[in-house]
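Worksheet: one structure, shown below.
2 protein chains.
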Amino acid sequence: MSSENPETRTRILDAALALLGSGRGSAARMADIARQAGISRQAVYLHFSTRAELLIAATLYLDEVKGIDDRLAASRAAETGAERLDALIDAWGNYIPEIYGIARALLAMKDTDEAAAAAWDGRMQAVREGCAACIDMLAIDGVLSPDLPPQRATDLLWTMLSVRNWEQLTVDCRWPQRTYIETTKRLARDTFVVTGTAA
Amino acid sequence: MSSENPETRTRILDAALALLGSGRGSAARMADIARQAGISRQAVYLHFSTRAELLIAATLYLDEVKGIDDRLAASRAAETGAERLDALIDAWGNYIPEIYGIARALLAMKDTDEAAAAAWDGRMQAVREGCAACIDMLAIDGVLSPDLPPQRATDLLWTMLSVRNWEQLTVDCRWPQRTYIETTKRLARDTFVVTGTAA
DNA sequence: CCGTCACTTGACACCGTGTCAATTGACAGG
DNA sequence: CCTGTCAATTGACACGGTGTCAAGTGACGG
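Protein chains in written order, with this note's numbering: chain B, 1 to 199; chain Y, 1001 to 1199.
The following block contains the structure:
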């Protein structure tokens, strides 16, 4: 299970990501991935005992390749809560299109596959923590909208930033990515940040 | 295809809705539905040539039973845009939990089945029209937030009201239905309605 | 008494996932 | 040079779910 040629393993992962990324995700059956990797279908099972396992490995691999951790780190460096909110939306919102293909595949398995569900939920939990950190920072800054308890605010922000919402706005409604980012920022700011009680 | 006993047909639809509604939607294979209806699996195919066709018929049937049209009509009667927005969120937001089971099933087929995708998109298009009507009314009232073009506002409201968002907030985040409704109303009002330019 | 018609029973094809067993071919070491 | 090992190949198969087909049953009406 773990002694196989690691080069072949990454070829499989690259193949899966290529198929899931470029257009039709429906063409990502085990046989398709194998063909794309220039390998027999059974060889794939030598490396990943299950389709779910393969897809999960592919998302981890993609995270590594795209360096999402570094990107999110930038948002953690923000000085104020409001800046951090913007940085989070930039980082995550621009990451979504890059993972969209595999996210769809994983999401589709969620109903039927235990492991896939756990993997997806885990990833989303990480995003949620980013949201919670923003909300906390806004609260500390004293600018969090007073009629939203922090927990609720976190839930709401997390929901705003869901892959499904990105999908609906950019794919279904044809919003350019830039519009999605800017509008989401505005919406989040207006919703969570109480601006100048000044007078 | 259309000369069969209509009573059996509705028994099938009731069976499907029962299975999809009560808990595990995974238990809604053709054989399960047939068993639930007290009928042979093949008899189901006598009435619905395809699983997708059955599910689509079930949603139409459910709409009829639940009288969604009447409920939405109420929202159309509102005098102001803001009232209409509230009424729409009440009507649709409280309808979602009733259709959630079948919505999940239909959504799951969307990727693989042409007809299911079309049916779902059609239904969502109807919701979108409700959203558009609200936004138009707000614009006519002169209270639509000026930095949101009506088209964008419609897209955004429509996205806010998506089944997926309801799912994430109530199922994943455990919000009570009431909280979902109230929070969504507040969010929509704050986002779209410019309140008193008065001074 | 005979048709018709809704439904039943049981077999089967197709597809995608996952398993198994036998084989190939390369490379490494005694 | 022969032998083991090991990744990968080939081809067969089981399983579950959808959809098809053909023959049979039983009730009801003319």
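Beta carbons are placed, not taken as given, at the ideal position from N, Cα and C, and that holds for glycine.
**OP:** Would you check whether the ligand NAP has a heavy atom nearer than 8 Å to the C-beta of B:Arg-24?
**Re:** Absent from the structure shown: the ligand NAP. Ligands present: none.
Subject >> Under the three-state DSSP convention, the category B:Leu-72 falls into >> reply: helix
**OP:** Tell me whether Y:Leu-1148 sits in a helix, a strand or coil according to DSSP, three-state version.
**Re:** coil
Original post:
Just the Cα atoms here: how many angstroms apart are B:Ile-96 and Y:Asn-1005?
Top reply: 50 Å
Subject >> Sequence ranges, beta strand (DSSP E) only - wholly within the region 48-106 of chain B, length at least 3 >> reply: none
Original post:
Where does B:Val-193 sit, in a helix, a strand or coil, going by DSSP?
Top reply: strand
**OP:** Answer yes or no: does any C-beta atom of chain Y fall closer than 9 Å to that of B:Arg-152?
**Re:** yes
Original post:
Which stretch, first to last residue, makes up the alpha helix (DSSP H) that contains B:Glu-167?
Top reply: From DSSP, B:Glu-167 is part of no alpha helix (DSSP H); its letter is neither H nor E.
**OP:** Taking Y:Trp-1120 as the query, report the chain B residues whose CB atoms sit under 9 Å from its CB, ordered along the chain.
**Re:** Those within 9 Å of Y:Trp-1120 in chain B number zero; the least Cβ separation is about 11 Å.
Original post:
With 9 Å set as the bound, which would you pick, yes or no: does the beta-carbon of Y:Trp-1175 sit closer than that to a beta-carbon of chain B?
Top reply: yes
Subject >> DSSP-derived helix/strand/coil call for B:Glu-176 >> reply: Here the sequence assigns Pro to residue 176 of chain B, which means Glu is not the residue at that position. Correct three-state label for B:Pro-176: coil.
Subject >> Rounded straight-line distance, which links the Cα of B:Gly-101 to that of B:Thr-50 >> reply: Cα to Cα, B:Thr-50 sits roughly 19 Å from B:Gly-101.
Subject >> Inter-residue spacing [alpha-carbon to alpha-carbon] between Y:Ala-1052 and Y:Glu-1007 >> reply: Cα-Cα distance, rounded: 20 Å.
Original post:
Would you call the region 119-137 of chain B and the region 156-174 of chain B touching, i.e. three or more CB-CB distances under 8 Å?
Top reply: yes
**OP:** Just the chain B side, please: which residues come within less than 8 Å of Y:Ser-1026 by C-beta, in chain order?
**Re:** Asp-111, Thr-112
Original post:
Hey, would you say Y:Asp-1090 sits closer than 9 Å to B:Asp-190, going by beta carbons?
Top reply: no
Original post:
Where does the unbroken alpha helix (DSSP H) through Y:Asp-1136 begin, and where does it stop?
Top reply: Boundaries of the alpha helix (DSSP H) harbouring Y:Asp-1136: 1114-1141, taken from the DSSP string.
**OP:** Would you mind telling me which residues of chain B sit closer than 7 Å to Y:Ala-1108, beta carbon to beta carbon, in chain order?
**Re:** Asp-111
Subject >> Residues that B:Ser-156 contacts on chain Y, provided the C-beta gap is smaller than 8 Å >> reply: Per the sequence shown, the amino acid found at residue 156 of chain B is Leu instead of Ser. Those within 8 Å of B:Leu-156 in chain Y are Leu-1169, Thr-1183, Leu-1187.
Original post:
Using a C-beta cutoff of 9 Å, does Y:Arg-1164 count as contacting chain B?
Top reply: yes
Subject >> Continuous alpha helix (DSSP H) stretch holding B:Leu-161: start and end >> reply: Taken as a continuous stretch (DSSP letters only), B:Leu-161 belongs to no alpha helix (DSSP H), as it is neither H nor E.
**OP:** Give a yes or no on whether 9 Å exceeds the smallest Cβ distance from Y:Arg-1051 to chain B.
**Re:** no
Original post:
What does B:Thr-159 touch in chain Y if you count any residue whose Cβ is under 7 Å from its own?
Top reply: Asn-1165, Gln-1168, Leu-1169
Subject >> Range covered by the alpha helix (DSSP H) that runs through Y:Gly-1021 >> reply: Membership of Y:Gly-1021 in the alpha helix (DSSP H) is indicated by the continuous run 1006-1021.
**OP:** Tell me, please, whether the region 1099-1115 of chain Y touches the region 1139-1152 of chain Y by the rule of three or more beta-carbon pairs shorter than 8 Å.
**Re:** no
**OP:** Return the CA-CA distance between Y:Ala-1116 and Y:Ala-1188, expressed in angstroms with no decimal places.
**Re:** 30 Å
Original post:
Y:Ala-1074 and Y:Ala-1087: beta carbons closer than 9 Å?
Top reply: For Y:Ala-1074 and Y:Ala-1087, yes; Cβs fall inside 9 Å.
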